[in-house]
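These notes concern the structure reproduced below.
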Amino acid sequence: MTTGNDRAAVVVLDGASKSFGALKALDRVDLSVGPGECLGLVGHNGAGKSTLVNLITGLFAPTEGGVSYPGAADHRAAGIRSISQEGTLCPNLTVLENLQVTQRDLTGWGWRGAAAGRVMAALDAIFPGHRIRAHTLVIDMTLAEQQMVEIAIGFAEGATPARLVVLDEPTSSLDASIAAQLMTHIRRFCAGGGAVIFISHMLGEIFDVATRIVVMRDGRSIADRPAGDFTRQGLVDAMGHVADDDHQPSPAALARALGDKSSHILRTPEGVEARRGEIVGLAGLAGHGQAEALARFYLSRSSDWRGASDPQAVFVAGDRKRDGVMPVWSIRRNLTLAALDRLTRWGLIDHAAEARIGSEWQKRIGIRTPDMGNPILSLSGGNQQKALFARALATQAPVVVMDDPMRGVDIGTKTEVYDMIRHEAANGRTFLWYSTEMDEIRNCDRVFVFRDGAISAELEGVQITEEAILAASFEFGDSAA
80 MTTGNDRAAV VVLDGASKSF GALKALDRVD LSVGPGECLG LVGHNGAGKS TLVNLITGLF
140 APTEGGVSYP GAADHRAAGI RSISQEGTLC PNLTVLENLQ VTQRDLTGWG WRGAAAGRVM
200 AALDAIFPGH RIRAHTLVID MTLAEQQMVE IAIGFAEGAT PARLVVLDEP TSSLDASIAA
260 QLMTHIRRFC AGGGAVIFIS HMLGEIFDVA TRIVVMRDGR SIADRPAGDF TRQGLVDAMG
320 HVADDDHQPS PAALARALGD KSSHILRTPE GVEARRGEIV GLAGLAGHGQ AEALARFYLS
380 RSSDWRGASD PQAVFVAGDR KRDGVMPVWS IRRNLTLAAL DRLTRWGLID HAAEARIGSE
440 WQKRIGIRTP DMGNPILSLS GGNQQKALFA RALATQAPVV VMDDPMRGVD IGTKTEVYDM
500 IRHEAANGRT FLWYSTEMDE IRNCDRVFVF RDGAISAELE GVQITEEAIL AASFEFGDSA
560 A
């Protein structure tokens, strides 16, 4: 159903379809987005959200149907901008130089000053109190700072004003306070006549800012209603399920895991401790040393130049583009990479065993692809992340190190992965889990809160609450009068 006034709309899709060979990624979608709207776009990984966005932003042309921009020749003239989940900044350029890549009117004498003015004005408006500088190289910034810059570039002033901004998982690397600043700006932008397409697997964010919600499933738009017409459970039900729910740990297995806390298997220099079968969380505001602590521990338990058939620890990256996927390899090869030594005999890979592992984990974790031999980049971002998670669990490593591992993964799959983590913990595997999401931290047995690179609190059981974590994340001046 096409909604809104098509004449006023920024973009209109009329029966738009997109196929990649035999795979129909988008199937006859009707949609319009007009000024003042914040459209929440939800659905499981592989539901068609990214393909829909790529049609709107002109990256793909529809196989059938049409995409039009009333009153404009193309998406650029229509003022449509996109902030990708994958990140598009050039790491060897500065903040202002990255803006110049997208805004080609920034040329001639004095363009650097103009670029710096535009990007810093956007950063100040969206993220007041930030500490980002226009001349900083992207490679020297934290993941959260990079995401803030990417967002600011999307909203920045330019020769063609932004009329519709597509935000794909924009808060995946942001802590709660910075994410709240972005939500405030989205509401302000839409109140001023701008439009936003907001994609997030955190349903609280969807309900916080969306005026309308479109639910995607199997390449189709199956629901398109005002946000107030949905409940949280109704939205989850509309999205449906994507993987078999047959990996719930038994009550007896969970009891054994909770009862067996005597085997002390690790302690990091920062003071993070874990026992066999324990799920230990690292929490606190982003950029306070959690990721660095995980990296130091992982490197202390692994070689930086050779694999092992019995690794002591495996790593699940949150920044899959930088630390996770091998972009020219297949899904299967990416998934089985950590088990490569176990699959090798006399220097040759056992391809039958490799195929068995790939097939087993495709089913267990619900990777949506017709062929595990397809390139890893043929998957949606969330399905790429699932492949990285399966890579770790397919090994025999006793410790799994997870650096915000479920960025961009839908709520249904997250629930299934949480169950799988508990199942693995019940069988004696230990997890070190850094996350910026409170729902994930609540899945942990113990939590270490970081502030300024050190542990500020250790919480356990009923102590693990958002209030306690926030209190430990900020220095309230205990010595003050």
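Each residue of the sequence shown is one higher than the last, beginning at 80 in the numbering used here. Cβ coordinates follow ideal geometry from the N, Cα and C atoms, glycine included.
| Check | Outcome |
| --- | --- |
| Can we say the region 493 to 506 touches the region 419 to 429, given the rule of at least three CB pairs closer than 8 Å? | no |
| Okay, do the region 516 to 534 and the region 353 to 372 touch, 3+ Cβ pairs below 8 Å being the bar? | yes |
| Starting from D184 and walking both ways along the alpha helix (DSSP H), at which residues does that stretch end? | It is not in any alpha helix (DSSP H) - D184 carries neither H nor E in the DSSP assignment. |
| Rounded to a whole number of angstroms, what is the C-alpha to C-alpha distance between G144 and L105? | 11 Å |
| Could you tell me which of A194, T167, T221 and S457 sits nearest to T130, measuring between CA atoms? | S457 |
| Identify, in the order they occur along the chain, each residue of the same chain with its Cβ nearer than 6 Å to the Cβ of A152, setting aside the five sequence neighbours on each side. | none |
| Suppose the cutoff is 6 Å on Cβ atoms and the five residues either side in sequence are ignored; what does the same chain contact list for G298 look like? | K103, A104, L105, D106 and G127 |
| Rounded to the nearest angstrom, what separates L222 and G122 at their Cα positions? | 25 Å |
| Considering only their Cβ atoms, is the gap separating L175 from A194 smaller than 7 Å? | yes |
| Short of 7 Å in beta carbon distance, which residues of its chain neighbour A289, apart from the five on each side in sequence? Order them along the chain. | C117, L118, G119, F277 and A306 |
| Mind pulling the alpha helix (DSSP H) runs of 4 or more residues that sit fully within the region 390 to 471? | 399 to 402, 410 to 414, 419 to 422 and 430 to 444 |
| Where does W190 fall in DSSP's three states? | helix |
| Cα separation between P207 and I455? | 38 Å |
| Please name the residue, chosen from N453, V395, A392 and A434, that lies closest to V407 on a Cα-to-Cα basis. | N453 |
| When you compare only the Cα positions, how much space is there between L373 and S381? | 12 Å |
| Would you mind stating whether V146 and A95 have Cβ atoms separated by less than 7 Å? | yes |
| Could you check what DSSP says for C117 in three-state terms: helix, strand or coil? | strand |
| How about A231 and L202: do their beta carbons lie closer than 7 Å? | yes |
| My guess is that Y112 and A274 are in contact by the Cβ rule of under 8 Å, so how many angstroms apart are they, rounded? | First, the residue type needs correcting, since residue 112 is Val and not Tyr in the sequence shown. About 5 Å; that satisfies the 8 Å criterion. |
| Check for me: the beta strand (DSSP E) holding R291 runs from which residue to which? | R291 to R296 |
| Determine whether the beta carbon atoms of R160 and V89 lie at a separation below 7 Å. | no |
| Whole angstroms is fine: what's the gap from V478's alpha carbon to G366's? | 23 Å |
| When you compare only the Cα positions, how much space is there between P114 and F268? | 10 Å |
| Going by C-alpha distance, which of E539, L110, G532 and F510 is nearest R291? | L110 |
| Using 8 Å as the threshold, is the region 434 to 441 in touch with the region 404 to 421, meaning 3 or more CB pairs across them? | yes |
| If you drop the 5 nearest sequence neighbours on each side, which residues of the same chain put their C-beta closer than 6 Å to that of A322? | At A322 the pLDDT is 43, less than 50, meaning the model places this residue with poor confidence; the figure from the coordinates comes in the next sentence. Result list for A322: G445 and E495, in chain order. |
| Could you please give me the residues that DSSP links to Y513 through a beta bridge? | L361 and D482 |
| Straight-line CA distance for V393 to R508? | 11 Å |
| Figure out for me which residue from N506, V315 and F139 has the closest Cα to the Cα of R296. | V315 |
| How big is the Cα-Cα spacing for L282 and V528? | 25 Å |
| Could you give the DSSP three-state label for G350: helix, strand or coil? | coil |
| Looking only at its chain, what residues have a beta carbon closer than 8 Å to the beta carbon of A101, apart from the 5 residues adjacent to it on each side? | P449 |
| Excluding the 5 residues flanking A200 on each side, which residues of the same chain have their C-beta closer than 8 Å to its C-beta? | A235 and E236 |
| So, is P328 buried or exposed, given that buried needs 16 or more other C-beta atoms within 10 angstroms? | Residue placement at P328 cannot be trusted, given a pLDDT of 41 that sits under 50; what the coordinates show is reported in the next sentence. So P328 ends up on the buried side. |
| I'd like the span of the beta strand (DSSP E) that includes E537, first residue to last. | A533 to E539 |
| Using only the alpha-carbon positions, how far apart do A473 and Q164 sit? | 26 Å |
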